[in-house]
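Counting in the working numbering, the sequence shown runs without a single skipped number right up to 154 at its last residue. Beneath this line is the structure, given in structure tokens, with notes to follow.
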Amino acid sequence: MDPLPLSTDFLFRVEMTVEGSAVGPTPLGERRIGLITGGRFAGPAVSGTVLPGGADWMLTGADGATRLDVRCLLRAENGQVIGLTYTGLRAGPPGVLARLAAGEVVDPASYYMRTTLRFETAPGPLEWLNRVLAVAVGQRPPQGPIYDVYRIL
């Protein structure tokens, strides 16, 4: 049997601003928490702002890869609030990851940053997002993460 094709549709680009806080080494790895302070998102499907108050509970393991675990809120231009939850992975060569950790600008093609996303919102024009699974390709400039988000069709 031939595999079924996987198709996507671009939803939006989201840019977040974050402030970091280190918890330190834990039994699971190096824990950091990035507090989301704001941002914006825009695309053909939906646009708006990233509300302050979300957080990314990052865990860097012995392999150097960082596991992302994020919950945040978006407010669409029409006022509808959207809960966004995503998990993901940022990995790459040790030298590249060290430059990222030092806050340097690094070419996104030199590391791997991918996430899976789910949305949650109340009835309204954007409730179709409740029935969407999405993936994103990310990058990590110094001011905060940027993701290009795609709906899986």
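Yeah, the Cβ is synthetic: ideal placement off N, Cα and C, and Gly gets one too. Since we're looking at a predicted model, the values are computed, not measured.
Taking only the alpha-carbon atoms, compute the straight-line gap between residue i and residue j and give it to the nearest angstrom.
| i | j | result |
| --- | --- | --- |
| L12 | V47 | 7 Å |
| P26 | P4 | 42 Å |
| D10 | V24 | 37 Å |
| E20 | P146 | 11 Å |
| P28 | A102 | 21 Å |
| T122 | A135 | 15 Å |
| D57 | L90 | 12 Å |
| T61 | V138 | 19 Å |
| P126 | G96 | 45 Å |
| V51 | M2 | 43 Å |
| E31 | P124 | 39 Å |
| V71 | Q81 | 20 Å |
| G65 | G104 | 16 Å |
| G44 | I37 | 20 Å |
Starting from residue i, trace the beta strand (DSSP E) in both directions and tell me its first and last residue.
| i | result |
| --- | --- |
| L26 | Checking the sequence shown, residue 26 turns out to be Pro, not Leu. Looking at the DSSP string, the run of the beta strand (DSSP E) that includes P26 is 9 to 27. |
| R68 | 67 to 77 |
| Q81 | Per DSSP, Q81 belongs to no beta strand (DSSP E) and is neither H nor E. |
| D64 | D64 -> no beta strand (DSSP E), and no H or E assigned at all. |
| V150 | 147 to 153 |
| L127 | From DSSP, L127 is part of no beta strand (DSSP E); its letter is neither H nor E. |
| V136 | 134 to 140 |
Can you tell me the Cβ-Cβ gap for residue i and residue j, rounded? I've got them flagged as a contact below 8 Å.
| i | j | result |
| --- | --- | --- |
| Q144 | T18 | 6 Å |
| V133 | R152 | 5 Å |
| L85 | F120 | 6 Å |
So is residue i buried or exposed if we call it buried at 16+ other beta carbons inside 10 Å?
| i | result |
| --- | --- |
| L154 | exposed |
| A77 | buried |
| G54 | exposed |
| G35 | buried |
| V106 | exposed |
| L7 | exposed |
| G155 | Since the first and last residues shown for the chain are 2 and 154, residue 155 lies out of range. |
| G49 | buried |
| G93 | buried |
With a threshold of 6 Å, establish whether the CB of residue i neighbours any heavy atom of the ligand ATP.
| i | result |
| --- | --- |
| S111 | Absence of the ligand ATP from the depicted structure is noted, as is the absence of any ligand whatsoever, leaving it without description. |
Scan the region 91 to 120 and note each continuous alpha helix (DSSP H) run of 4 residues or more that stays entirely inside, going in chain order. If we require 4 residues or more, the alpha helix (DSSP H) runs fully inside the region 91 to 120 come out as 95 to 102.
Could you pull out every unbroken beta strand (DSSP E) segment of at least 3 residues lying fully inside the region 30 to 57, listed in chain order? Whole beta strand (DSSP E) segments, 3+ residues: 30 to 43, 49 to 51.
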